[in-house]
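Read through the structure below, which is laid out as structure tokens, and then see the notes.
Number of protein chains: 2
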Amino acid sequence: MSPARVESGAPTALLERAMEILSCFDPKHSALTLTQIAELTKLPMSTCHRIVGTLEAGGFLSKGSDRKFRVGTKLWTIAQHAPLSERLRESALPTLARLYEETGENVTLAVLDRGQALYVDRLVGERSIPTISRAGGHLPLHTTGVGKVLLAYQSEKAIEQYLAQPLPKPTPQSITQPDALRRDLADVRKNGYSITRQEMTRGSGSIAVPIMRNGRCVAAVGVIVHLNRLDTNRLVSTLTDAAASIAAELDGH
Amino acid sequence: MSPARVESGAPTALLERAMEILSCFDPKHSALTLTQIAELTKLPMSTCHRIVGTLEAGGFLSKGSDRKFRVGTKLWTIAQHAPLSERLRESALPTLARLYEETGENVTLAVLDRGQALYVDRLVGERSIPTISRAGGHLPLHTTGVGKVLLAYQSEKAIEQYLAQPLPKPTPQSITQPDALRRDLADVRKNGYSITRQEMTRGSGSIAVPIMRNGRCVAAVGVIVHLNRLDTNRLVSTLTDAAASIAAELDGH
DNA sequence: GACTAAAGTTTCATGGGATGGAAGTTTCTG
DNA sequence: CAGAAACTTCCATCCCATGAAACTTTAGTC
């Protein structure tokens, strides 16, 4: 009866809307005004206002003096109990710290999440080069050191499924030919580590190794370095030690 | 007008329930079955099932093969964009790593949140002693090194408000007398660091210093050590350097 | 492997809470 | 200090969340 019925998959359901609102907060939007949220979610202002208000009351969002909303401490606190933080991050952090001290380079820890590399942690210093990866961020599997490792140790089927989709090519050096990637991944499995050279960012490369548990690759550690500092042998051995140490720590708990 | 309108605190509202469900995940409950969630929230099973299902579909929760729910990667990802993670943690991590390497002790970073010390990060190793504090956890202000610092640099009014409430006394050494605490806090302000001795845990003590920004104490860094390793002078100077370094990093961005 | 208790899932009639247009209020901006 | 943009409140309408009950699956026992 109502003439203007929103036809297709009505994105109704309060909860879904709330989750959509929270999902607006991403690397590019860490602080948003109500209007911006309404625009991003395409929700009516009044509805948006109400939901955001409830989320704020619950501590899931917090409003700054600049009238911008940010992710609240309550949500952050809950997230710290995700297995990701609880087991992996917590176990790996001391080792990552050592790795960072030893190499002075960008150190990253990632897991596989929805067909992408999810960066669980990273340590960056002044000495190290700027990177795109950031904790909580996703990057493609085939253009990053940690990503290649994570992909290489997947099942044949999963790998083919990944290769079947269109692959982004952020730099001219990015390898996007399925066949070339298959060879690359086979090398990773054979050597036990991956290398990338300018496949994600111009001027830098990376090396990564798997963290194995019960014969499965549960995560990957890697370093990102300036191309001319890519000292494979030294880095691989340091990384391998670190991976073993993290794996031991994981089992220890 | 509306005849039977129950005006008083109707504990309704889907969203609030959803937030309550998510809040069930705390240090003691990182994995919960549906039934457990229903019990904790006192919600009817069917209602709980529906909400949990929606949260799972949105990636806010994830169901393991053990049919237990855990905090999902989506929620975790969003939380990484909290100012806490984005600015503080990210800026402080390299310094904390160095601190950890230098001292080999438990290193913690905390902010003030709802009248408690919220641990933003901690680094623990095999060498260091076990502690209760964990990233994402809350502890009282008056029984922890970082807590005393955070409290000491609050306004007079806020301090008195804190002292006015009943103060938990986890160990016999915990200082809960308002007057004794006032003196203690004055010392912290005078010296620029705090010391605790067995006020939270038997056998261990802690030292902490403030991280200042624009004349305000925005966070505190501390170490937790075995009592007989509490080498005040050395630790204070190391911590002060670290705090300055973190503050600089915060401004740099 | 049958039996059973507990955990999880689906169903559905009902009414209470969500909805969003519109009007009112505050806060920027030039 | 206008004028606009951002934000907040209001409220009649109606849709969707509700939860008891029935049903299905899983885990534990002999």
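Chains as they are written, first to last, in my numbering: chain S, -1 to 251; chain B, -1 to 251.
C-beta atoms are modelled at their ideal positions from N, C-alpha and C, and glycine is treated no differently.
Being a predicted model, the structure only gives us computed values, none of them experimental.
- Chain S has no Cβ within less than 8 Å of the Cβ of Ile244/B.
- With a beta-carbon spacing of about 7 Å, Val207/S and Val234/S fall inside the 8 Å limit used to define contacts.
- Met198/S sits in coil when the DSSP states are folded into three classes, being neither helix nor strand.
- The Cβ-Cβ distance between Pro81/B and Arg68/S falls below 8 Å.
- Contacts with chain S at 8 Å (Cβ-Cβ) include Glu14/B.
- By the neighbour-count definition (other C-beta atoms within 10 Å, threshold 16), Ser44/S is an exposed residue.
- Cα atoms of Gly56/B and Asp249/B: separation of roughly 36 Å, rounded to the nearest angstrom.
- Counting only residues of its own chain and dropping the five nearest sequence neighbours on each side, Leu59/S has a CB closer than 6 Å to the CB of Leu53, Phe67 and Gly70.
- With fewer than three CB-CB distances shorter than 8 Å, the region 79 to 99 of chain B does not count as touching the region 186 to 206 of chain B.
- In terms of beta-carbon proximity, Ile49/B lines the interface with chain S, with at least one pair separated by less than 8 Å.
- Counting the other Cβ atoms within 10 Å of the Cβ of Asn226/S gives fewer than 16, which makes it exposed.
- A check of alpha carbon separations from Ser172/S across Asn104/S, Gly143/S, Ala184/S and Ala150/S identifies Gly143/S as the nearest.
- At a cut-off of 8 Å between beta carbons, Thr71/S contacts chain B.
- Residues of the region 103 to 115 of chain B whose Cβ lies closer than 7 Å to any Cβ of chain S, in chain order: Asp111.
- Ranked by Cα distance from Leu107/S, the first of Gly220/S, Leu73/S and Leu97/S is Gly220/S.
- In this structure, Gln159/B lies away from Leu137/B, with their beta-carbon atoms at least 8 Å apart.
- In the DSSP assignment, Ala218/S is bridged to Ala108/S and Pro208/S.
- Separation of Val109/S and Gln152/B (C-alpha to C-alpha, rounded to the nearest whole angstrom) is 40 Å.
- Less than 8 Å separates the beta-carbon of Leu179/S from that of Leu161/S.
- A direct Cα-Cα distance of roughly 20 Å separates Lys72/S from Asp119/S.
- DSSP places Tyr117/B in no alpha helix (DSSP H) but in the uninterrupted beta strand (DSSP E) bounded by Gln114 to Leu121.
- Boundaries of the alpha helix (DSSP H) harbouring Ser44/S: Met43 to Ala55, taken from the DSSP string.
- In the structure shown, Asp24/B adopts extended strand secondary structure according to DSSP, grouped into three states.
- Shown in chain order are the members of the region 134 to 146 of chain B whose Cβ falls below 9 Å from a Cβ of chain S: Gly134, Gly135 and His136.
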